[in-house]
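Down below is the structure, laid out as structure tokens.
Residue numbers (our numbering): 57 to 303.
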């Protein structure tokens, strides 16, 4: 008999694994709609959709293992990280999805609200928030929209040896900034940024990637804490803010 493994679970969604099948249960079916359409459009390997019966989506497991985990050293090779950069470039060169992402103005408003909450509630020191907010503002500039994954964290990129076998969790896919995807992929894994950029194959503004590291982390702390995750775990978002906000 196959065992049921809880991959992730919180009040918005849950993912279970039973053998080689992943069952995703989402309270918001619009996210599932986006995920299915984005996977159909994406020019990179994605999980096979086995069936859908709302609120459940069944996906086939990908071969290989995750490129890494936030807060843990990655055992993947430099070539695998470069392949991840190349896969991101392939996605970004594809035709745009029909739905928009968040604009710089929307992100700026969200950044204002989260920074105020972090300071008012004493979650993070005010000087740390201020320094990172100053860094984060570098990401809030006009960009040419591309097809972005939207949550291209290292655990969502699967590899077998030096080859990319697939990318999972497409519910945040949209039109967006290419450098946001690269920043999320390398968040907490700065030592692999050079490999990713080499695989991406074009000039990248590293200051903007660092700005996205701060912005992503500042926006994530409250959500993570409220959904049962620990952003202050070693190597995770708070450590990223401490490192990225150094002057």
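By construction, the Cβ of each residue, glycine as well, lies at the ideal position given by its N, Cα and C atoms.
Measuring only the C-alpha atoms, how far is residue i from residue j?
i, j, result
"residue 377", "residue 175", "Residue 377 is absent from the structure shown; the chain starts at 57 and stops at 303."
"residue 290", "residue 242", "16 Å"
"residue 137", "residue 223", "13 Å"
"residue 73", "residue 60", "6 Å"
"residue 78", "residue 107", "11 Å"
"residue 98", "residue 188", "33 Å"
"residue 211", "residue 129", "12 Å"
"residue 66", "residue 286", "13 Å"
"residue 228", "residue 205", "6 Å"
"residue 101", "residue 145", "13 Å"
"residue 111", "residue 217", "34 Å"
So, are the CB atoms of residue i and residue j less than 8 Å apart?
i, j, result
"residue 197", "residue 160", "yes"
"residue 225", "residue 207", "yes"
"residue 275", "residue 256", "no"
"residue 143", "residue 265", "no"
"residue 251", "residue 124", "no"
"residue 235", "residue 268", "yes"
Quick one: give me the first and last residue of the beta strand (DSSP E) that residue i is part of.
i, result
"residue 86", "Not the beta strand (DSSP E): residue 86 falls in the alpha helix (DSSP H), residues 85-97."
"residue 82", "77-82"
"residue 61", "60-65"
"residue 69", "69-74"
"residue 202", "202-204"
Check for me: the alpha helix (DSSP H) holding residue i runs from which residue to which?
i, result
"residue 252", "249-256"
"residue 296", "293-300"
"residue 188", "182-192"
"residue 263", "262-282"
(request) Please specify which runs of the alpha helix (DSSP H), each continuous and at least 4 residues long, are wholly inside the segment 216-242, giving them in chain order. (result) Qualifying alpha helix (DSSP H) stretches, in chain order: 234-242.
(request) Jot down the residue ranges of each uninterrupted alpha helix (DSSP H) in the segment 98-171, minimum 4 residues, whole runs only, in chain order. (result) The qualifying runs are 134-148.
(message) Between the segment 178-187 and the segment 76-91, can you find at least three pairs of beta-carbon atoms closer than 8 Å?
(response) Not touching, per the Cβ criterion.
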